[in-house]
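Colleague:
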Amino acid sequence: MQSTEHSNYENSFRDSLATISETGKRLWVYAKQPKGKFYNLRTLFAGFLLAFFFGMPFIKYNGESFLLLNFLDRKFILFGTTFWPQDSYVLALMMLSVFVFLILFTVVYGRIWCGWICPQTIFLEHLFRRVEYWIEGTHIQQKKLNEGPWNFNKTWRKILKYSVFMALSFLIISTLSSYLIGIDALLNNYTLSFAEKPGFFSATIGFTLAFYFVYTWFREQVCTLVCPYGRLQGVILDADSILVSYDYKRGEPRGRSEKEGD
Numbered sequence: 007m008q009s010t011e012h013s014n015y016e017n018s019f020r021d022s023l024a025t026i027s028e029t030g031k032r033l034w035v036y037a038k039q040p041k042g043k044f045y046n047l048r049t050l051f052a053g054f055l056l057a058f059f060f061g062m063p064f065i066k067y068n069g070e071s072f073l074l075l076n077f078l079d080r081k082f083i084l085f086g087t088t089f090w091p092q093d094s095y096v097l098a099l100m101m102l103s104v105f106v107f108l109i110l111f112t113v114v115y116g117r118i119w120c121g122w123i124c125p126q127t128i129f130l131e132h133l134f135r136r137v138e139y140w141i142e143g144t145h146i147q148q149k150k151l152n153e154g155p156w157n158f159n160k161t162w163r164k165i166l167k168y169s170v171f172m173a174l175s176f177l178i179i180s181t182l183s184s185y186l187i188g189i190d191a192l193l194n195n196y197t198l199s200f201a202e203k204p205g206f207f208s209a210t211i212g213f214t215l216a217f218y219f220v221y222t223w224f225r226e227q228v229c230t231l232v233c234p235y236g237r238l239q240g241v242i243l244d245a246d247s248i249l250v251s252y253d254y255k256r257g258e259p260r261g262r263s264e265k266e267g268d
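The following block contains the structure:
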């Protein structure tokens with residue numbers, strides 16, 4: 007009996023999420039901006055990934071996009087090599103290889119994908135949260151601002167923040183569109199009217215609003231509720247996997263934090 011109670015205690019932390027209360031209500035996350043060597047490395051790597059994402063559509067090879075996933079015309083270009091529908095088996099093998107690689111990588115190194123490479127993490131932590139820190143201040147200042155009364159200071163900060171969020175959402179969607187139809191076709195579409203390209207503009211507006219919703223409100227819930235890779239963690243992780251998480255055995259406090267961060 008005692009061993010069963012001990013086992014239940016050891017695994018009790020698995021029965022709840024830190025971002026959801028016992029009543030099922032969401033607990034808003036006021037993220038403290040990290041500091042330290044590994045965060046600096048993550049920032050540099052995220053900068054490289056963002057530069058790659060936003061810059062790749064402008065790179066061409068032999069007059070064609072260097073990277074194109076045109077599902078409408080069934081034409082795919084991966085790093086200068088063109089694939090047609092008859093080459094779909096090659097793409098299938100490549101996707102399967104990536105899937106197997108992710109599983110093996112997670113088993114060996116833990117959830118490095120989620121913290122270092124995942125687009126949701128890159129956009130949220132290295133774009134949208136940085137805008138939040140810049141406009142609203144630290145996590146403590148953000149909480150104080152949200153809980154405080156509406157006044158001029160709060161109003162202009164909220165308007166500016168959400169305007170930048172909308173602009174970033176539009177920029178991300180436009181960049182994604184350039185991977186689907188090509189940068190030249192994208193820029194040409196923006197010179198046309200809504201009546202001439204209703205499907206394109208409707209999709210752009212719809213997905214821009216969807217991204218705006220995700221990064222303004224939904225945020226980390228994408229990882230815990232929606233992401234299929236996050237759901238897969240329950241299968242490919244065990245008690246010995248490497249995780250960056252709260253150590254319930256060690257507990258808090260860990261002592262005074264250093265100015266350099268940890």
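Just add 6 to the spot in the sequence shown (first one is 1) and you have this note's numbering. Heads up, the beta-carbon is just placed ideally off N, CA and C, and yes, glycines get one too.
Can you round the beta-carbon distance between Glu138 and Leu151 to whole angstroms, since I take them to be within the 8 Å contact cut?
Modeller: By 1-based counting over the sequence shown, the position of residue 138 is 132. By 1-based counting over the sequence shown, the position of residue 151 is 145. At roughly 10 Å, the Cβ-Cβ gap does not stay under 8 Å, so Glu138 and Leu151 are not in contact.
Colleague: Report the partner residues of Val83 according to the DSSP bridge assignment.
Modeller: The residue you call residue 83 lines up with position 77 of the sequence shown. Just to set this straight, residue 83 is Ile in the shown sequence, not Val. Leu74 and Thr88.
Colleague: Would you check if there are 3 or more beta carbon pairs closer than 8 Å linking the region 183-192 to the region 51-70?
Modeller: Judged by Cβ distances under 8 Å, the region 183-192 makes contact with the region 51-70, as three or more pairs qualify.
Colleague: The alpha helix (DSSP H) with His145 in it runs from where to where?
Modeller: Taking the first residue of the sequence shown as position 1, residue 145 is located at position 139. It spans His145 to Glu153 - the alpha helix (DSSP H) in which His145 sits, taken as one unbroken run.
Colleague: Would you call Leu133 buried or exposed, if buried means 16 or more other Cβ atoms sit within 10 Å of its Cβ?
Modeller: The sequence position of residue 133 within the sequence shown is 127, counting from 1. Under this definition Leu133 is a buried residue.
Colleague: Between which residues of its own chain and Thr229 is the CB-CB distance below 6 Å, once the five residues before and five after are set aside?
Modeller: By one-based count along the sequence shown, residue 229 stands at place 223. The identity of residue 229 in the sequence shown is Cys, whereas the question assumes Thr. For Cys229, where only same-chain residues beyond five positions count, the Cβ hits under 6 Å are Gly236.
Colleague: Compute the beta-carbon to beta-carbon distance between Leu274 and Phe82, rounded to the nearest angstrom, for a pair I have assumed lies under 8 Å.
Modeller: For the chain, the structure presents residues 7 to 268; residue 274 sits outside this window and is missing.
Colleague: Quick check on the DSSP output: the alpha helix (DSSP H) that includes Gln271 runs from which residue to which?
Modeller: Look at the range of the chain in this structure, 7 to 268, and you will see that residue 271 is not part of it.
Colleague: What separation, rounded to the nearest whole angstrom, lies between the Cα atoms of Tyr196 and Tyr115?
Modeller: The sequence position of residue 196 within the sequence shown is 190, counting from 1. The sequence position of residue 115 within the sequence shown is 109, counting from 1. C-alpha separation (whole angstroms): 44 Å.
Colleague: For Tyr218, does the count of other Cβ atoms within 10 angstroms reach 16, so buried, or fall short, so exposed?
Modeller: What you label residue 218 is simply residue 212 of the sequence shown in a count that begins at 1. Flag for Tyr218 reads buried.
Colleague: What whole-angstrom Cβ distance do Lys149 and Tyr36 have, given they're in contact under 8 Å?
Modeller: If you number the sequence shown from 1, residue 149 lands on position 143. If you number the sequence shown from 1, residue 36 lands on position 30. The pair is a contact, with the Cβ atoms about 5 Å apart (cut-off 8 Å).
Colleague: If you count every other CB in all the chains shown that lies within 10 Å of the CB of Gln39, and 16 or more means buried, which is it?
Modeller: Sequence index remark: in the sequence shown, residue 39 carries index 33 (1-based). Its Cβ having fewer than 16 others within 10 Å, Gln39 is exposed.
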